Amino acid sequence: RGKDITGIAPHRIARLGIARTFQLVRTFLTMTAFENVMVGAVYGAGARVKHATETANAALELVGLTARRDMRTAHMTLSDRRMLEIARAVASDPALLLLDEPMAGLNPTE
Numbered sequence: 008r009g010k011d012i013t014g015i016a017p018h019r020i021a022r023l024g025i026a027r028t029f030q031l032v033r034t035f036l037t038m039t040a041f042e043n044v045m046v047g048a049v050y051g052a053g054a055r056v057k058h059a060t061e062t063a064n065a066a067l068e069l070v071g072l073t074a075r076r077d078m079r080t081a082h083m084t085l086s087d088r089r090m091l092e093i094a095r096a097v098a099s100d101p102a103l104l105l106l107d108e109p110m111a112g113l114n115p116t117e
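Quick look at the structure:
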């Protein structure tokens, strides 16, 4: 959209519709998968709790983590945490989604 985002705070960048994942996985380890994705829906997209809940559940389903919804991310595999990061980014309803090496460190079966 032609806007310079240099030096803008990350939460403001998210509100502009830009989401990203990191090469090194950055999930909130003491939170569940669902809570991690809610962060994206509430703070990234600015959704109210009811809509954020629906969005978070849909994002977890999209990446195949519905069964791990209530698992703390500290107990998840690296591949699951990578998918969780993608779900959290998607839940922020971005116009632009940047994925920084989403398959780094995974083996061919993952």
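Mind the numbering: the sequence shown is residues 8 to 117 in this note's numbering, read in order.
Where a beta carbon is used, it is the ideal one built from N, C-alpha and C, also for glycine.
Note that the structure is predicted; figures quoted are calculated from it, not measured.
Span of the alpha helix (DSSP H) around residue i
{"i": "Ala81", "result": "Neither: Ala81 is in no alpha helix (DSSP H) and is coded neither H nor E."}
{"i": "Arg76", "result": "Taken as a continuous stretch (DSSP letters only), Arg76 belongs to no alpha helix (DSSP H), as it is neither H nor E."}
{"i": "Ala21", "result": "17-22"}
Assumed close pair residue i, residue j - CB separation to whole angstroms, cut-off 8 Å
{"i": "Thr62", "j": "Ala98", "result": "5 Å"}
Closest by C-alpha distance to residue i, when choosing among the options
{"i": "Val32", "options": "Pro115, Pro101, Ala96", "result": "Ala96"}
{"i": "Leu67", "options": "Ala54, Val56, Gly47", "result": "Gly47"}
{"i": "Gly51", "options": "Asn114, Pro17, Arg76", "result": "Pro17"}
{"i": "Ala102", "options": "Lys10, Gly14, Leu23", "result": "Leu23"}
{"i": "Arg19", "options": "Gly53, Thr34, Ala111", "result": "Gly53"}
{"i": "Val44", "options": "Asn114, Asp100, Leu106, Glu117", "result": "Asp100"}
{"i": "Gly71", "options": "Leu105, Arg88, Gly14", "result": "Arg88"}
{"i": "Leu106", "options": "Glu117, Ile12, Ala94", "result": "Ala94"}
For residue i, the first and last residue of its enclosing beta strand (DSSP E)
{"i": "Leu105", "result": "103-105"}
{"i": "Ile12", "result": "Where Ile12 is concerned, there is no enclosing beta strand (DSSP E), given that its DSSP letter is neither H nor E."}
{"i": "Ala26", "result": "25-27"}
field: Given 8 Å, three or more beta-carbon pairs between the segment 33-41 and the segment 72-86
entry: yes
task: List in chain order: all unbroken alpha helix (DSSP H) runs of 4+ residues lying wholly within the segment 32-70.
output: 40-46, 56-69
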